[in-house]
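Okay, so here's the structure we're looking at.
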Amino acid sequence: MINGERRIERPLRWAMVGGGRTSQVGYKHRTGALRDNTAFQLVAGAFDMDFARGRDFGVNIGVAAERCYPDYKSLFAEEAKRPDGVEAVTIATPNGTHYEITKAALNAGLHVICEKPLFFKVEEAEEIKALAEEKGRILGVTYGFSGQSMLLQMRAMVAAGAIGDVTIVNLQYTHGYGCDPTGDKTNESQKWRVDPAVAGPSFVLGDLSTHTYYMSNLILPDMRIKELLCDRQSFVGTRAPLEDNAHVMMHYENGAVGTMWVSAVNAGCMTGQRIRIVGTKASLEWWDAYPTELRHEVQGQPGQILYRGTDYLDGIAKDDERLGALHVEGLSESWANIYLKFAIAMDAKNRGDEELLKDLVYPSIDGGLEGVRWIANCVKSAEQGSVWVKYE
Ligand code: NAD
Numbered sequence: 099m100i101n102g103e104r105r106i107e108r109p110l111r112w113a114m115v116g117g118g119r120t121s122q123v124g125y126k127h128r129t130g131a132l133r134d135n136t137a138f139q140l141v142a143g144a145f146d147m148d149f150a151r152g153r154d155f156g157v158n159i160g161v162a163a164e165r166c167y168p169d170y171k172s173l174f175a176e177e178a179k180r181p182d183g184v185e186a187v188t189i190a191t192p193n194g195t196h197y198e199i200t201k202a203a204l205n206a207g208l209h210v211i212c213e214k215p216l217f218f219k220v221e222e223a224e225e226i227k228a229l230a231e232e233k234g235r236i237l238g239v240t241y242g243f244s245g246q247s248m249l250l251q252m253r254a255m256v257a258a259g260a261i262g263d264v265t266i267v268n269l270q271y272t273h274g275y276g277c278d279p280t281g282d283k284t285n286e287s288q289k290w291r292v293d294p295a296v297a298g299p300s301f302v303l304g305d306l307s308t309h310t311y312y313m314s315n316l317i318l319p320d321m322r323i324k325e326l327l328c329d330r331q332s333f334v335g336t337r338a339p340l341e342d343n344a345h346v347m348m349h350y351e352n353g354a355v356g357t358m359w360v361s362a363v364n365a366g367c368m369t370g371q372r373i374r375i376v377g378t379k380a381s382l383e384w385w386d387a388y389p390t391e392l393r394h395e396v397q398g399q400p401g402q403i404l405y406r407g408t409d410y411l412d413g414i415a416k417d418d419e420r421l422g423a424l425h426v427e428g429l430s431e432s433w434a435n436i437y438l439k440f441a442i443a444m445d446a447k448n449r450g451d452e453e454l455l456k457d458l459v460y461p462s463i464d465g466g467l468e469g470v471r472w473i474a475n476c477v478k479s480a481e482q483g484s485v486w487v488k489y490e
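Yeah, the sequence shown ends on 490 if you go by this note's numbering, and it's all consecutive.
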């Protein structure tokens with residue numbers, strides 16, 4: 099159970115690049131990082147493309163004016179001169195900037211937390227993974243839904259054989275906000291998402307499905323995709339070559355099969371993230387509409403619902419429990435859980451505690467790299483005419 103007591107000696111001095119007043123995701127980072135007051139302290143930032151707005155925003159959330167910087171380069175350079183300079187930085191800027199800012203942050207000796215999709219190319223992710231290792235720094239990736247404790251319960255139940263051998267993996271992350279194309283021209287957060295120069299080689303595959311794909315790997319750590327087929331299209335034609343809808347079929351190395359439906363044009367859909375894992379004896383299903391519940395359906399028996407915060411759950415799920423049973427935990431707790439693990443990982447790295455790092459389950463550079471690989475394989479299949487491609 100998490101009750102806010104410190105897990106590391108002292109909170110890490112933390113900065114943000116991006117995540118300013120108008121950003122979609124910035125507050126989620128702060129909600130996560132600052133939840134317990136014992137993991138991170140926000141002391142600096144280059145919050146916005148617009149310096150005056152970013153500084154005003156920074157001051158309004160409690161950062162000293164002189165530590166609100168015009169850009170990431172001056173942030174890293176000036177903070178390095180201070181005895182109390184930042185130790186970790188979050189990068190919450192549009193996709194096309196992640197690679198250069200992450201590289202600069204690692205070279206400045208900082209631990210990094212970066213948004214997904216991490217980078218455009220697998221080679222970039224491999225290069226940055228090697229750089230993080232060389233510098234002895236942690237790189238966490240904010241798959242923000244993945245800190246929900248019932249996903250860890252799924253992981254534990256699959257490992258314990260509760261559903262038999264896994265045969266079918268059914269994944270979905272969809273919403274309908276892309277049905278109206280007006281925002282592609284008028285909304286700052288939407289414009290870049292449909293511009294390949296900034297978004298990268300995909301729209302919804304990177305924006306949405308990387309989350310659900312990471313969560314499936316969290317639940318099924320031993321399963322690897324052997325080959326996949328991706329059919330992607332843009333129902334709003336101006337988004338081409340990027341997709342606002344895609345279906346992916348997967349063949350796993352162990353003989354299991356899977357599907358992913360990802361979409362920004364699932365009209366009217368407000369709770370569209372679902373994960374169903376089917377085994378030879380039973381199935382598990384998690385749905386973001388009821389994040390504290392897990393359906394366990396055994397063939398031939400009445401279905402069961404497992405609830406978060408209860409004694410009968412596995413220890414790994416109970417460890418990340420915050421509010422007790424009867425109360426709804428959700429996305430805020432999920433972000434707090436992953437940020438707490440980022441802090442624990444960074445502290446362990448600083449102390450050279452590789453044993454702790456080996457067993458810590460959190461979205462690391464490996465999960466970020468796999469997300470980039472997933473997009474690359476999906477795009478490759480789609481561009482070849484939606485054919486099966488070997489997963490590499
Ligand atoms: P946004 O366009 O809403 O906001 C971007 C913010 O970054 C703005 O404050 C902007 O001024 C600032 N910015 C842009 N370039 C900058 C730079 N070079 N230096 C400093 N600040 C800069 O974007 P968003 O929707 O918040 O998305 C940002 C990133 O977060 C993207 O990679 C996106 O995929 C990801 N994201 C993740 C989640 C999640 O659940 N993990 C949710 C939404 C977005």
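For glycine and all other residues, C-beta sits at the position ideal for the given N, C-alpha and C.
Judged by DSSP in its simplified three-state form, Trp472 adopts helix. Unbroken beta strand (DSSP E) runs of no fewer than 3 residues, entirely contained in the region 308-345, are found at 323-331, following chain order.
Judged by DSSP secondary structure, Met444 falls within the alpha helix (DSSP H) whose first and last residues are 429-449. In the assembly as shown, Pro319 is an exposed residue. Its beta-carbon has fewer than 16 other beta-carbons within 10 Å.
If you draw a straight line from the Cα of Pro294 to the Cα of Ala258, it comes to about 43 Å. Per DSSP, reduced to three states, the secondary structure at Gln397 is coil, with no helix or strand assignment.
Residues of the same chain with a CB within less than 6 Å of the CB of Val157, apart from the 5 flanking positions on each side, are Ala163 in chain order. Per DSSP, reduced to three states, the secondary structure at Ser381 is strand. At a cut-off of 3 residues, the continuous stretches assigned as beta strand (DSSP E) that sit fully inside the region 239-317 are 264-272.
The nearest non-hydrogen atom of the ligand NAD is 7 Å or more from the C-beta of Glu225. Placement of the Cβ of Asp342 at a distance of 7 Å or more from every heavy atom of the ligand NAD is found. Within the DSSP bridge table, the entry for Leu208 names no partner.
Secondary structure note for Arg111: it is in no alpha helix (DSSP H), and the uninterrupted beta strand (DSSP E) holding it is 110-116. Ala150: member of the alpha helix (DSSP H) spanning 149-158, first to last residue. For Tyr275, the shortest C-beta to heavy atom distance toward the ligand NAD is 7 Å or greater. The DSSP-derived three-state label of Arg128 is helix. Within the model, the alpha-carbon separation for Gln397 versus Ala260 is close to 12 Å.
Put simply, the region 189-196 touches the region 204-224. At least three CB pairs are less than 8 Å apart. Here Ile317 is not near Met348, since their CB atoms are 8 Å or more apart. Under the three-state reduction of DSSP output, Ile414 falls in the helix class. Classified as buried, Lys439 has 16 or more neighbouring CB atoms from the shown chains inside 10 Å of its CB. Beta-bridge partners assigned by DSSP to Ile199: none are found. Per DSSP, reduced to three states, the secondary structure at Gly143 is strand.
Between the ligand NAD and Asn193, a heavy atom-to-CB distance of less than 7 Å is present. Counted as a single uninterrupted DSSP element, the beta strand (DSSP E) harbouring Leu404 occupies residues 402-405. The closest CA to that of Thr136, considering only Cys166, Gly160, Phe149, Arg105, is found on Arg105. Between the region 268-275 and the region 355-370 there are three or more C-beta pairs closer than 8 Å, enough to call the two in contact.
Under a 10 Å Cβ-count criterion, Thr308 is classified as buried, with 16 or more other Cβ atoms of the shown protein chains found around its own Cβ. Distances from the alpha-carbon of Gln122 to those of Trp112, Arg180, Gln270, Asp305 put Asp305 closest. With contacts defined by Cβ atoms closer than 8 Å, Phe145 and Cys166 form a contacting pair. For Tyr388, the closest of Thr378, Phe301, Ser247 by C-alpha to C-alpha distance is Ser247.
A distance below 6 Å between beta-carbons, with the five flanking residues on each side excluded, links Gln402 to the following residues of its chain, in chain order: His394. With 16 or more other CB atoms across the displayed protein chains lying within 10 angstroms of its CB, Glu419 is buried.
Looking at the DSSP output, Glu391 shares a beta bridge with Tyr405. Trp433 has its alpha-carbon roughly 7 Å from the corresponding atom of His127.
The closest CA to that of Glu391, considering only Cys476, Glu341, Leu250, is found on Leu250.
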